[in-house]
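Below is one structure, written out as structure tokens, with a few remarks after it.
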Amino acid sequence: MTGYADDLALAHRLADAADAVSTARFRALDLRVESKPDLTPVSDADTAVEREIRALLATHRPADGLLGEEYGEQPATGPGGRRWVVDPIDGTKNFVRGVPIWATLIALLEGDRPVLGLVSAPALGRRWWAATGTGAYAGPDAAHGEPIRVSGVASLADASFCYASLDSWEATGRLAAMLQIMRDSWRSRAYGDFYGYMLLAEGALDVMVEPELSLWDIAALVPIVTEAGGTLTDLAGAPAPGAGSSVATNGHLHPEILGRLGRPAER
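In the UniProt record's numbering, the protein residues as written are 1 to 267.
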């Protein structure tokens with residue numbers, strides 16, 4: 001075990017509490033949904049899950065910092081630059097429409113480096129987790145995890161390619177490059193939010209890319225992908241979480257995907 005064993009145990013406890021709240025509100029007839037200033041939806045489940053996690057961290061890690069999507073930043077008061085980063089429900093649009101592909105994302109950062117990540121998708125009955133040096137695991141709960149590993153696919157022609165949406169790629173001037181990758185790959189699918197990254201970590205697909213995301217969208221995914229043997233950078237090639245974009249691959253395909261997507265087309 002690594003020095004993060006206690007933190008991993010706590011992350012599972014946080015996820016258990018989050019799952020209890022979110023599953024009780026999933027497909028609830030009285031679910032309340034509002035629009036945030038950026039026009040993305042937020043439900044009463046999002047805010048309730050984050051409040052639950054904040055309360056537990058205040059008890060068990062009071063000196064650590066905390067950044068949550070719904071309630072913002074709480075600075076650390078202790079040494080070491082430890083900060084938890086939480087997305088209470090990643091995939092809120094799915095959640096509010098009754099689609100079961102959504103999850104709570106929990107990360108621990110030391111400075112700017114994610115050292116622990118846990119993704120809990122209770123509607124799928126599945127959870128993924130990793131910390132630096134532990135390897136990556138998936139299963140229904142902490143007691144039943146199995147090691148996971150990225151694929152060995154080394155050719156784009158044999159690769160399963162995943163993306164979040166085409167609109168955002170058009171906005172960044174990279175749509176033509178995206179479409180060409182889709183044509184050149186064996187298969188392309190849009191598994192948005194956390195799910196594409198977890199399928200990558202399990203070896204079920206080989207590339208997952210997003211041009212725009214926030215720290216809470218990506219922080220928990222980094223340790224899981226990298227401990228499973230994958231590579232995760234931003235579009236410039238800097239280690240994730242980087243500059244608000246992501247290229248996640250099994251490692252073999254990373255240079256080619258970065259080369260194709262790293263520079264926007266001239267206008």
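Just so you know, even glycine gets a beta-carbon here, dropped at the ideal spot from N, CA and C.
When DSSP labels each residue in this structure, what does residue i get in the three-state scheme?
i: Leu179; result: helix
i: Gly81; result: coil
i: Thr249; result: strand
i: Thr233; result: strand
i: Met216; result: Position check: residue 216 holds Trp in this sequence, whereas Met was assumed. Looking at Trp216 - three-state DSSP - the assignment turns out to be helix.
i: Gly203; result: coil
i: Ile89; result: strand
i: Arg267; result: Because the pLDDT at Arg267 is just 47, under 50, the model does not fix this residue reliably, and the point stays unresolved.
For residue i versus residue j, is the C-beta distance shorter than 8 Å?
i: Trp216; j: Leu67; result: yes
i: Gly230; j: Ala201; result: yes
i: Ser22; j: Ile89; result: yes
i: Ala17; j: Glu70; result: no
i: Ser245; j: Glu210; result: yes
i: Val207; j: Pro114; result: no
In terms of residues, what are the limits of the alpha helix (DSSP H) holding residue i?
i: Glu227; result: Leu221 to Glu227
i: Ile101; result: From DSSP, Ile101 is part of no alpha helix (DSSP H); its letter is neither H nor E.
i: Arg174; result: Counting along the chain, Arg174 falls outside any alpha helix (DSSP H), and DSSP gives it neither H nor E.
i: Arg25; result: Ala5 to Arg25
i: Leu57; result: Asp44 to His60
Could you pull the start and end residues of the beta strand (DSSP E) that residue i belongs to?
i: Val207; result: Val207 to Glu210
i: Ser35; result: Val33 to Ser35
i: Gly259; result: Note, Gly259: premise wrong, no beta strand (DSSP E); alpha helix (DSSP H) at His254 to Leu261.
i: Arg126; result: Arg126 to Ala131
Can you tell which of the options has the C-alpha that lies nearest to the C-alpha of residue i?
i: Ala9; options: Ala48, Asp44, Leu57 and Asp38; result: Leu57
i: Ala24; options: Arg54, Ser43 and Ala11; result: Ser43
i: Ile257; options: Asp234, Gly242 and Gly111; result: Asp234
i: Thr104; options: Asp6, Thr47 and Ala248; result: Thr47
i: Arg149; options: Leu199, Trp186, Ser165 and Gly133; result: Leu199
i: Ala220; options: Ala157, Trp129 and Val96; result: Trp129
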